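Going by the UniProt record's numbering, the sequence shown opens with residue 1, and the numbers climb by one from there. These notes concern the structure reproduced below.
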Amino acid sequence: MRLSRYFLPVLKETPAEAQIVSHRYMLRAGMIKQASAGIYSWLPLGYKVLRKIENIIHEEQARAGHIPMLMPTIQSADLWRESGRYDAYGAEMLRITDRHDRDMLYTPTAEELITDIFRANVSSYRDLPLTMYQIQWKFRDEIRPRFGVMRGREFYMKDGYNFDLTKEDALHAYNRHLVSYLRTYERMGLQAIPMRADSGPIGGDDTHEFLVLAETGESEVFYDSEITELKFGDRAIDYDSVEQCQAVLEEFTSRYARTDETHDEAVFNQVPEARRRTARGIEVGQIFYFGTKYSEAMGATVSDKDGNQVPVHMGSHGIGVSRLLGAIIEASHDDRGIIWPEGVTPFHCGIVNLKTGDAEADAACDKIHAALIALGLDPLYDDTNERAGAKFATMDLIGLPWRITVGPRGLKNGVVELTSRRTGESEELPPEAAVAKIAEIYGVA
Ligand SMILES: Nc1ncnc2c1ncn2[C@@H]1O[C@H](COP(=O)(O)OP(=O)(O)O)[C@@H](O)[C@H]1O
Ligand SMILES: [Mg+2]
1 MRLSRYFLPV
11 LKETPAEAQI
21 VSHRYMLRAG
31 MIKQASAGIY
41 SWLPLGYKVL
51 RKIENIIHEE
61 QARAGHIPML
71 MPTIQSADLW
81 RESGRYDAYG
91 AEMLRITDRH
101 DRDMLYTPTA
111 EELITDIFRA
121 NVSSYRDLPL
131 TMYQIQWKFR
141 DEIRPRFGVM
151 RGREFYMKDG
161 YNFDLTKEDA
171 LHAYNRHLVS
181 YLRTYERMGL
191 QAIPMRADSG
201 PIGGDDTHEF
211 LVLAETGESE
221 VFYDSEITEL
231 KFGDRAIDYD
241 SVEQCQAVLE
251 EFTSRYARTD
261 ETHDEAVFNQ
271 VPEARRRTAR
281 GIEVGQIFYF
291 GTKYSEAMGA
301 TVSDKDGNQV
311 PVHMGSHGIG
321 VSRLLGAIIE
331 ASHDDRGIIW
341 PEGVTPFHCG
351 IVNLKTGDAE
361 ADAACDKIHA
371 ALIALGLDPL
381 YDDTNERAGA
391 KFATMDLIGL
401 PWRITVGPRG
411 LKNGVVELTS
421 RRTGESEELP
431 PEAAVAKIAE
441 IYGVA
């Protein structure tokens, strides 16, 4: 992509309404634009990152054996009356009346609709286990939308639902989600710690939230510092293995880690004092096991081996897809801008032409640009007539992890400069070698 043909409306001034760094940088980098309170347009750069995050989630869900689908954003109130949540949900639910005076709503979550689909189509234990999920817009009429995409009113969420014959099976589904979420967040360059949480309006007794530690987080968290040393990494896991998934759950949840809602001072004080930490965290996901709460209320039963009709055991599992952009920026930035982890960066690499219009520099940039594209990579080439300083400032702000700088002086010696956004370190090398290095970093060599 040539910057001269792209839409990247970067702002020089810091917008006054943005209180936290991720919100400031998302606005300044031209990623989002507020449409109304808590509702945003996703401009091209922001949309690209959103898609990257979404793809990682789809890939990891597929690995765990979960099935993608899509449900509507506008739903009838009738199903929500069946579960009892139409009244219980309160003012956060955006209620809409259609032209026939029917009560509709903009979905804040989808337990009811998925349960309705299930009960209409599944009647035997032989069709279980089943886990389906969607990535879809949600609406919650938050009283105080703030921090940009962190607490929006309209936001993008992955929500998944498991249906199992027994509690035991459903707890395996719970553990499987925990494992797949650990992998998902790590691929985005994040450490998200599972913490014992409160179930809120979803209901149920087993639930963990995944929190990214950050000063600007809305939740107060308490944990044993040993937990931050755990890493899932790229270890192999058989998602069908009850033992393997259970072992990961135990490994990642046996140390103290709780949000303020479930914090227990007496239990916390059993952690050696030197390891006790109090901090703030951003909730980027949550998993629930809630048993037969919805299946009983809505008559979602199957026949078991003996022919008895039994309500299915369910859980639901959410990832805050749009919030993740904010969380990643909170976890990875400096005073010049965003520093994207390679896994989610909007462009793999920036190319800065120090002297647009210079025949040799233009030709070298074109060649590097074409070579990266031929490798299946997605570079952003700044071919504009801006000053070099302004080009660097834009690249730093939008946070591409690698930059190739091309100018007549270097080219005389046959070299360009390759710079890491994270470390600031640069090296001079021939253009082909710079391309090869980028290819190696992204595993396409
Ligand atoms: N208002 C919001 N804006 C952005 N993301 C949100 C919002 N509310 C929830 N999320 C994200 O969706 C995920 C799943 O939602 P859920 O756990 O049901 O939300 P909550 O805990 O706020 O009730 C949360 O972990 C969070 O990352
Ligand atoms: Mg939650």
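We put the beta carbon where it would ideally sit given N, CA and C, even for glycine. In this text the structure is predicted, and so the values were computed from the model without any measurement.
Pick out every residue whose C-beta is nearer than 6 Å to a heavy atom of ligand 2: which are they, in chain order?
In chain order, the hits are E209, E283, Q286.
Inter-residue CB distance, K158 and V321 (contact presumed, cutoff 8 Å):
Here residue 158 refers to the residue found at position 158 when the sequence shown is read from its first residue. Here residue 321 refers to the residue found at position 321 when the sequence shown is read from its first residue. K158 to V321, Cβ: 6 Å. Contact.
Counting only the same chain and skipping the five closest in sequence on each side, list residues whose C-beta sits under 7 Å from that of G399.
Mapped onto the sequence shown, residue 399 falls at position 399. So the list reads G337, I338, I339, W340, R421, once near-sequence residues are dropped.
Tell me whether D116 is buried or exposed, calling it buried when 16 or more other Cβ atoms sit within 10 Å of its Cβ.
Along the sequence shown, read from residue 1 onward, the residue named residue 116 stands at position 116. D116 comes out buried.
So which of D101, N385, G90 has the shortest CA-CA distance to P108?
As a working mapping, residue 108 is identified with position 108 in the sequence shown. By alpha-carbon distance to P108, the top candidate from D101, N385, G90 is G90.
Taking the straight line between their C-alpha atoms, what separation do you get for T73 and I96?
Locating residue 73 in the sequence shown gives position 73, counting from the first residue. Locating residue 96 in the sequence shown gives position 96, counting from the first residue. Looking at the backbone, the Cα of T73 and that of I96 are separated by about 12 Å.
Please tell me whether, using a cut-off of 8 Å, the distance from the CB of T184 to the nearest non-hydrogen atom of ligand 1 is below it.
As a position in the sequence shown, residue 184 is number 184, starting the count at 1. Taken from the Cβ of T184, every heavy atom of ligand 1 lies 8 Å or farther away.
Run through the region 362 to 424 for me and flag every whole beta strand (DSSP E) of 3 or more residues, listed as ranges in chain order.
For the region 362 to 424, whole beta strand (DSSP E) runs of length 3 or above, ordered along the chain, are 379 to 382, 402 to 406, 416 to 420.
Please classify D198 as buried or exposed, where buried requires at least 16 other C-beta atoms within 10 Å of its C-beta.
As a working mapping, residue 198 is identified with position 198 in the sequence shown. Classification for D198: exposed.
Would you kindly check if the distance between the Cβ of G160 and the Cβ of H317 is under 9 Å?
Residue mapping note: residue 317 aligns to position 317 of the sequence shown, counting from 1. Residue mapping note: residue 160 aligns to position 160 of the sequence shown, counting from 1. Taking 9 Å as the Cβ cut-off, H317 and G160 qualify as a contacting pair.
Following a CB-centred definition, is F118 positioned closer than 8 Å to any heavy atom of ligand 1?
What you label residue 118 is simply residue 118 of the sequence shown in a count that begins at 1. Result no, Cβ not under 8 Å from ligand 1.
Grouping DSSP H, G and I as helix and E and B as strand, with all else coil, what is T262?
For the purposes of this step, residue 262 is taken as the residue at position 262 of the sequence shown. The three-state reading of DSSP puts T262 in coil, since its state is none of H, G, I, E or B.
Proximity winner among E17, Q75, G410, relative to D98 (alpha-carbon distances)
Stepping through the sequence shown from its first residue, residue 98 is reached at position 98. Checked all of E17, Q75, G410; the closest Cα to D98 is Q75.
According to DSSP, what are the bridge partners of G160?
Residue 160 sits at position 160 when you count from the first residue of the sequence shown. Note: G160 sits in a beta bridge opposite Y133, H317.
Tell me whether K83 counts as near ligand 1, meaning its Cβ is closer than 8 Å to at least one heavy atom of that ligand.
For the purposes of this step, residue 83 is taken as residue 83 along the sequence shown, with counting starting at 1. What sits at residue 83 in the sequence shown is Ser, not Lys. Checking every heavy atom of ligand 1 against the Cβ of S83, none is found closer than 8 Å.
Are residue 476 and E218 closer than 9 Å when you measure CB to CB?
A question about residue 476 goes unanswered here, because the residues of the chain that appear run from 1 up to 445.
Through-space distance from T184 to I56, alpha-carbon basis:
Indexing the sequence shown from 1 puts residue 56 at position 56. Indexing the sequence shown from 1 puts residue 184 at position 184. Between the alpha carbons of I56 and T184 lies a gap of roughly 7 Å.
Within the present structure, is the beta-carbon of I319 separated from the nearest heavy atom of ligand 1 by less than 8 Å?
The residue given as residue 319 occupies position 319 in the sequence shown. Indeed, a heavy atom of ligand 1 lies less than 8 Å from the Cβ.
Straight-line Cα distance separating V284 from A266
Position 266 of the sequence shown, counting from 1, holds the residue named residue 266. Position 284 of the sequence shown, counting from 1, holds the residue named residue 284. About 27 Å.
Backbone CA spacing between G84 and M104 [nearest angstrom]:
Indexing the sequence shown from 1 puts residue 84 at position 84. Indexing the sequence shown from 1 puts residue 104 at position 104. For G84 and M104, the distance between alpha carbons rounds to 15 Å.
Tell me the residue span of the alpha helix (DSSP H) that contains N55.
Here residue 55 is taken as the residue at index 55 of the sequence shown, counted from 1. In the DSSP annotation of this structure, the continuous segment of the alpha helix (DSSP H) that includes N55 starts and ends at 44 to 63.
Determine the DSSP secondary structure at R196, reduced to helix, strand or coil.
Here residue 196 refers to the residue found at position 196 of the sequence shown. R196: strand per DSSP, three-state reduction.
Taking DSSP's pairing of strands, which residues face E427 in a bridge?
Within the sequence shown, residue 427 is the residue found at index 427, counting from 1. Beta-bridge pairing by DSSP links E427 to L418.
One question on the structure: do D378 and K391 come within less than 9 Å of each other, judged by their Cβ atoms?
Taking the first residue of the sequence shown as 1, we reach residue 378 at position 378. Taking the first residue of the sequence shown as 1, we reach residue 391 at position 391. No, Cβ-Cβ distance for D378 and K391 is not below 9 Å.
When every heavy atom of ligand 1 is checked, does at least one fall within less than 8 Å of the C-beta of R196?
On the sequence shown, position 196 is the one that residue 196 refers to. R196: no, Cβ never under 8 Å from ligand 1.
Going by other Cβ atoms of all chains shown within 10 Å of its Cβ, with 16 needed for buried, is A331 buried or exposed?
Residue numbering aside, residue 331 sits at position 331 when the sequence shown is read from its first letter. Per the 10 Å Cβ criterion, buried.
According to DSSP, simplified to helix, strand and coil, what is E283?
By 1-based counting over the sequence shown, the position of residue 283 is 283. Collapsing the DSSP output to three states places E283 in a strand.
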